[in-house]
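*Asks:*
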Amino acid sequence: MASSPGPRTGTPPPADGLARFRACRVAAQVDLGEKAKTPPLRGAGAVNGRIDVLLVGGPRKTRGTGEEVGENLGLGYLAAVLREQGVSVEILDAGLEGLNVTGLVRAIRARSFRVLGFSVVVQAMLRPTLATLAAIGERRDYLTVMGGHGPTFSCRSILRDVPALDVVVRGEGEETFPDLVFRVLGGQSWHDRPGLAYRADGGVVVNPPRPLVSDLDRLPHPARDKLTSSLQRGTMARLMSSRGCHGTCAFCSIRAFYGGSPGHAWRGRSPEDVAAEIEELAGRWGIRHFRFSDDNFIGPGGAGRRRAAAIADAIAALGHDLEFTVACRPDDVDHELFAQLKAAGLHTVFLGVESGSQRILDTLNKRVTVERNREAVRTLRALGLRPGLGFIMFTPDTRLEDLPANFEFLREMGISWRNTGDMLDILNRLEVYEGTPMAERLRREGRLRGDYQGFAYRMPPEVETIYRLLKGCQDAAMAARRLGRAMGLTRAPAAPAPARHPPS
Numbered sequence: 008m009a010s011s012p013g014p015r016t017g018t019p020p021p022a023d024g025l026a027r028f029r030a031c032r033v034a035a036q037v038d039l040g041e042k043a044k045t046p047p048l049r050g051a052g053a054v055n056g057r058i059d060v061l062l063v064g065g066p067r068k069t070r071g072t073g074e075e076v077g078e079n080l081g082l083g084y085l086a087a088v089l090r091e092q093g094v095s096v097e098i099l100d101a102g103l104e105g106l107n108v109t110g111l112v113r114a115i116r117a118r119s120f121r122v123l124g125f126s127v128v129v130q131a132m133l134r135p136t137l138a139t140l141a142a143i144g145e146r147r148d149y150l151t152v153m154g155g156h157g158p159t160f161s162c163r164s165i166l167r168d169v170p171a172l173d174v175v176v177r178g179e180g181e182e183t184f185p186d187l188v189f190r191v192l193g194g195q196s197w198h199d200r201p202g203l204a205y206r207a208d209g210g211v212v213v214n215p216p217r218p219l220v221s222d223l224d225r226l227p228h229p230a231r232d233k234l235t236s237s238l239q240r241g242t243m244a245r246l247m248s249s250r251g252c253h254g255t256c257a258f259c260s261i262r263a264f265y266g267g268s269p270g271h272a273w274r275g276r277s278p279e280d281v282a283a284e285i286e287e288l289a290g291r292w293g294i295r296h297f298r299f300s301d302d303n304f305i306g307p308g309g310a311g312r313r314r315a316a317a318i319a320d321a322i323a324a325l326g327h328d329l330e331f332t333v334a335c336r337p338d339d340v341d342h343e344l345f346a347q348l349k350a351a352g353l354h355t356v357f358l359g360v361e362s363g364s365q366r367i368l369d370t371l372n373k374r375v376t377v378e379r380n381r382e383a384v385r386t387l388r389a390l391g392l393r394p395g396l397g398f399i400m401f402t403p404d405t406r407l408e409d410l411p412a413n414f415e416f417l418r419e420m421g422i423s424w425r426n427t428g429d430m431l432d433i434l435n436r437l438e439v440y441e442g443t444p445m446a447e448r449l450r451r452e453g454r455l456r457g458d459y460q461g462f463a464y465r466m467p468p469e470v471e472t473i474y475r476l477l478k479g480c481q482d483a484a485m486a487a488r489r490l491g492r493a494m495g496l497t498r499a500p501a502a503p504a505p506a507r508h509p510p511s
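Following the working numbering, the residues of the sequence shown are numbered contiguously, the last one being 511.
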């Protein structure tokens with residue numbers, strides 16, 4: 008197989024790096040199930056001030072979106088896996104540190120490293136990450152890597168358009184990225200490794216996918232380098248108890264992301280491993296409020312429900328006074344299970360109800376009814392739990408007759424135009440992501456414009472007009488609220504006190 012030029016340098020890997028990494032997985036075949044058989048390197052770290060890997064979370068615009076910036080657990084997991092093998096790693100999170108592209112480029116240039124890895128966890132991070140790479144340029148002595156949903160689906164286009172990017176990690180990164188790093192640091196070829204895409208001979212090579220991590224308990228708990236910074240911004244601590252979703256929503260990239268690799272679409276950690284991480288957060292960091300970042304906390308079928316109940320029991324057995332948040336499908340909600348979760352500390356449940364129109368739910372392939380959505384919300388409120396509703400008022404298929412059904416549903420749910428915060432939930436317009444059934448359908452119908460950096464579509468003219476009018480009202484209300492805060496007429500929500508540092 009033809010090889011990629013890699014970093015623009017003729018300098019061979021330093022001798023100390025070769026010695027360290029020849030001793031660690033000569034074949035560089037990362038298998039988390041074999042960790043016990045391969046002792047990690049001890050004492051390996053930065054050499055002459057140069058670290059092995061710099062992991063970067065790119066800038067992201069969140070003002071006016073209702074989105075919070077918290078820890079990037081993906082970077083935390085990668086750092087933990089690499090550090091177990093003696094690789095020196097630093098995490099630089101532009102979102103948490105308030106860096107724009109210029110500030111991020113300056114921070115990257117101030118550091119010395121061998122591999123630069125970018126995590127693109129949401130679409131909003133892609134453009135600024137590409138701008139960062141463009142500013143870095145091609146003249147450098149390190150390898151640049153990118154991973155995430157968008158890069159996975161659009162690896163050919165991104166590598167074609169971005170000369171400063173050397174490699175895309177496709178799918179999950181905890182085995183593929185360390186495999187790549189070990190080979191780079193050991194001076195070995197990496198071009199035939201599964202899960203990678205790169206340029207070669209004027210084109211792009213896309214290697215076969217690597218199987219998903221089958222047993223998530225094999226992963227170390229994520230590094231918490233940025234936990235204090237996240238808490239100081241007012242966000243809750245996050246942890247992941249499962250990956251994937253058994254839903255098949257037409258607009259969601261989760262199923263396609265995991266479905267592109269061999270393995271099960273949904274995988275869950277054991278209740279014991281989840282409880283051990285919570286105990287660490289509570290005992291070492293003083294965390295009492297946290298959020299499960301799972302795509303769908305309740306797994307498929309009876310086994311998924313039994314696991315959720317066992318997690319509730321495991322959390323309650325810790326003996327801490329905890330509160331936590333989960334996300335799940337509306338048809339996963341039932342009184343008995345969620346009463347048990349509430350007894351363990353469940354406070355808020357995020358439900359993707361999406362629409363009050365059954366026609367729209369069907370076009371989104373939600374496989375749920377409007378009445379089942381109502382029932383889920385009623386059940387949560389009867390238990391004293393707070394429902395958080397994901398709602399998409401406008402989709403490519405929205406017609407005028409769908410809007411009254413949406414407004415009536417929202418009124419029943421207690422969402423009001425008089426609450427400026429509620430307007431963020433009301434006026435969402437569906438974003439189209441590469442790799443989704445929605446993107447494929449709109450492309451076939453000739454209704455999709457744009458590229459991997461951002462897609463656009465037109466709704467029926469009368470619906471488009473209503474959207475623009477309502478969006479203008481929303482923007483004006485948000486601007487008035489910001490002005491009121493700036494003038495001291497209204498107060499911003501107070502951020503919680505930061506967690507204490509763990510003992511050294």
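Idealized CB from N, CA, C, for every residue including glycine.
Taking its Cβ as the centre, do 16 or more other Cβ atoms sit within 10 Å of Leu-111, making it buried, or is it exposed?
*Replies:* Against the sequence shown, residue 111 aligns to sequence position 104. The residue in question, Leu-111, is buried, as its Cβ has 16 or more Cβ neighbours within 10 Å.
*Asks:* DSSP three-state label for Met-494, please.
*Replies:* Against the sequence shown, residue 494 aligns to sequence position 487. In this structure, Met-494 counts as coil in the three-state DSSP scheme.
*Asks:* In chain order, which beta strand (DSSP E) runs of at least 3 residues are fully inside the segment 232 to 313?
*Replies:* Those beta strand (DSSP E) runs which fall completely within the segment 232 to 313 and span 3+ residues are 244 to 246, 296 to 299.
*Asks:* Count the other CB atoms within 10 Å of the CB of Gly-81; is the residue buried (16 or more) or exposed (fewer)?
*Replies:* Here residue 81 refers to the residue found at position 74 when the sequence shown is read from its first residue. Classification for Gly-81: buried.
*Asks:* Do three or more CB pairs link the segment 196 to 210 to the segment 238 to 256 at distances below 8 Å?
*Replies:* Verdict: no, contact absent.
*Asks:* Leu-219: which of Ala-272, Val-213, Val-360 sits nearest, CA to CA?
*Replies:* What you label residue 219 is simply residue 212 of the sequence shown in a count that begins at 1. Minimum Cα distance to Leu-219 is reached at Ala-272.
*Asks:* Is the beta carbon of Leu-368 sitting closer than 8 Å to the one on Glu-361?
*Replies:* Residue mapping note: residue 368 aligns to position 361 of the sequence shown, counting from 1. Residue mapping note: residue 361 aligns to position 354 of the sequence shown, counting from 1. Result yes, Cβ atoms of Leu-368 and Glu-361 sit closer than 8 Å.
*Asks:* Relative to the C-alpha of Ile-473, which residue among Val-174, Pro-185, Met-400, Arg-163 is closest?
*Replies:* Position 466 of the sequence shown, counted from the start, is the residue given in the question as residue 473. Selected option, being the one with the closest Cα: Met-400.
*Asks:* So the beta strand (DSSP E) Pro-444 belongs to, where does it begin and stop?
*Replies:* In the sequence shown, residue 444 corresponds to position 437, counting from 1. First-last for Pro-444: 444 to 451, but that is the alpha helix (DSSP H), not the beta strand (DSSP E).
*Asks:* In the structure shown, what three-state DSSP assignment does Asp-59 receive?
*Replies:* Against the sequence shown, residue 59 aligns to sequence position 52. If DSSP states are grouped into helix, strand and coil, Asp-59 belongs with the strands.
*Asks:* Use the C-beta contact count for Thr-159: other C-beta atoms within 10 angstroms, 16 or more gives buried, fewer gives exposed.
*Replies:* The count along the sequence shown starts at 1 and reaches residue 159 at position 152. Buried is the call here.
*Asks:* Exposed or buried, which one is Ala-487 when buried takes at least 16 other CB atoms within 10 Å?
*Replies:* Locating residue 487 in the sequence shown gives position 480, counting from the first residue. Counting Cβ neighbours within 10 Å, Ala-487 comes out exposed, since fewer than 16 surround it.
*Asks:* Relative to the alpha-carbon of Arg-240, which residue among Val-212, Gly-77, Ala-230 has its alpha-carbon at the smallest distance?
*Replies:* On the sequence shown, position 233 is the one that residue 240 refers to. If we check each option's Cα against that of Arg-240, Gly-77 comes out closest.
*Asks:* What would DSSP say about Gly-83, mapped onto helix, strand or coil?
*Replies:* The residue you call residue 83 lines up with position 76 of the sequence shown. Reduced to three states, the DSSP call for Gly-83 is helix.
*Asks:* Quick one: Cα of Ile-58 to Cα of Asn-413, how far?
*Replies:* Taking the sequence shown and counting its residues from 1, the one referred to as residue 58 is at position 51. Taking the sequence shown and counting its residues from 1, the one referred to as residue 413 is at position 406. Taking the straight line from one Cα to the other gives about 53 Å.
*Asks:* For chain B, is any of its Cβ atoms less than 8 Å away from the one on Glu-145?
*Replies:* Of the chains in the structure shown, none is chain B; there is only one protein chain.
*Asks:* Would you mind stating whether Leu-137 and Ala-114 have Cβ atoms separated by less than 8 Å?
*Replies:* Locating residue 137 in the sequence shown gives position 130, counting from the first residue. Locating residue 114 in the sequence shown gives position 107, counting from the first residue. No, the pair does not count as a contact, with Cβ atoms beyond the cut-off.
*Asks:* Would Gly-495 be called buried (16 or more neighbouring beta carbons within 10 Å of its own) or exposed?
*Replies:* Locating residue 495 in the sequence shown gives position 488, where the first residue counts as 1. Gly-495 should be labelled exposed.
*Asks:* Is there contact between the segment 455 to 472 and the segment 122 to 141, where contact requires at least three CB pairs shorter than 8 Å?
*Replies:* The segment 455 to 472 is in contact with the segment 122 to 141.
*Asks:* Quick check: Gly-395 and Val-356, are their CB atoms within less than 8 Å of each other?
*Replies:* Position 388 of the sequence shown holds residue 395. Position 349 of the sequence shown holds residue 356. Yes, the Cβ-Cβ distance between Gly-395 and Val-356 is below 8 Å.
*Asks:* So is His-156 buried or exposed if we call it buried at 16+ other beta carbons inside 10 Å?
*Replies:* The residue you call residue 156 lines up with position 149 of the sequence shown. When all chains shown are included, His-156 counts as buried.
*Asks:* Just how far apart, CA to CA, sit Gly-194 and Gly-93?
*Replies:* If you number the sequence shown from 1, residue 194 lands on position 187. If you number the sequence shown from 1, residue 93 lands on position 86. Near 17 Å, if we compare the C-alpha coordinates of Gly-93 and Gly-194.
*Asks:* Just to confirm my understanding: we take Phe-299, look at its own chain, exclude 5 residues before and 5 after, and list those with CB closer than 8 Å. What are they?
*Replies:* What you label residue 299 is simply residue 292 of the sequence shown in a count that begins at 1. Same-chain partners within the cutoff: Arg-245, Leu-246, Met-247, Ser-248, Phe-331, Thr-332, Val-333, Ala-334.
*Asks:* Please check the pair Phe-125 and Val-152, which I expect to be a contact at CB under 8 Å, by giving their CB distance rounded to whole angstroms.
*Replies:* On the sequence shown, position 118 is the one that residue 125 refers to. On the sequence shown, position 145 is the one that residue 152 refers to. About 7 Å separates the two Cβ atoms, so the contact holds.
*Asks:* Buried or exposed: where does Asp-320 fall if 16 or more other Cβ atoms within 10 Å of its Cβ makes it buried?
*Replies:* Counted from its first residue, the sequence shown places residue 320 at position 313. That one is exposed.
*Asks:* Pair every Cβ in the segment 435 to 450 with every Cβ in the segment 387 to 394, then say whether three or more of these pairs are closer than 8 Å.
*Replies:* Touching, no.
*Asks:* Identify the residues that DSSP records as bridge partners of Pro-66: which are they?
*Replies:* Sequence index remark: in the sequence shown, residue 66 carries index 59 (1-based). Beta-bridge pairing links Pro-66 to no other residue.
*Asks:* Report all residues from its chain with a CB closer than 6 Å to the CB of Ala-289; omit the five preceding and five following residues, and keep chain order.
*Replies:* The count along the sequence shown starts at 1 and reaches residue 289 at position 282. His-327, listed in sequence order.
*Asks:* To which residues of the same chain is Ala-257 closer than 8 Å at the C-beta, ignoring the five residues directly before and after it?
*Replies:* Translated into the one-based positions of the sequence shown, residue 257 becomes position 250. These residues qualify, in order along the chain: Thr-370, Leu-371, Asn-372, Thr-443, Pro-444, Met-445, Arg-448.
*Asks:* So, at 8 Å on beta carbons, what are the nonlocal neighbours of Phe-120 in its own chain, with the 5 sequence-adjacent residues on each side left out?
*Replies:* Here residue 120 refers to the residue found at position 113 of the sequence shown. These residues qualify, in order along the chain: Arg-57, Ile-58, Asp-59, Val-60, Leu-61, Glu-97, Tyr-149.
*Asks:* Applying the 10 Å Cβ sphere with the 16-neighbour rule, what's the burial state of Leu-329?
*Replies:* Taking the first residue of the sequence shown as position 1, residue 329 is located at position 322. Leu-329 should be labelled buried.
*Asks:* Return the chain-ordered list of same chain residues with a C-beta closer than 8 Å to the C-beta of Leu-410, the five sequence neighbours on each side being excluded.
*Replies:* Within the sequence shown, numbered from 1, the residue matching residue 410 stands at position 403. Cβ neighbours of Leu-410 beyond the five flanking positions: Met-400, Val-470, Ile-473.
*Asks:* Express the C-alpha separation of Cys-480 and His-296 in angstroms, rounding to a whole number.
*Replies:* Looking up residue 296 in the sequence shown gives position 289. Looking up residue 480 in the sequence shown gives position 473. Going by the C-alpha atoms only, they are around 34 Å apart.
*Asks:* For Asp-222 versus Arg-200, is the C-beta distance shorter than 8 Å?
*Replies:* Taking the sequence shown and counting its residues from 1, one reaches residue 222 at position 215. Taking the sequence shown and counting its residues from 1, one reaches residue 200 at position 193. Cβ atoms of Asp-222 and Arg-200: not closer than 8 Å.
*Asks:* Within its chain, find whatever has a CB closer than 7 Å to the CB of Asn-79; leave out the 5 residues flanking it on each side and keep chain order.
*Replies:* Sequence index remark: in the sequence shown, residue 79 carries index 72 (1-based). Correct list, in chain order: Gly-64, Asp-100, Ser-126, Val-128.
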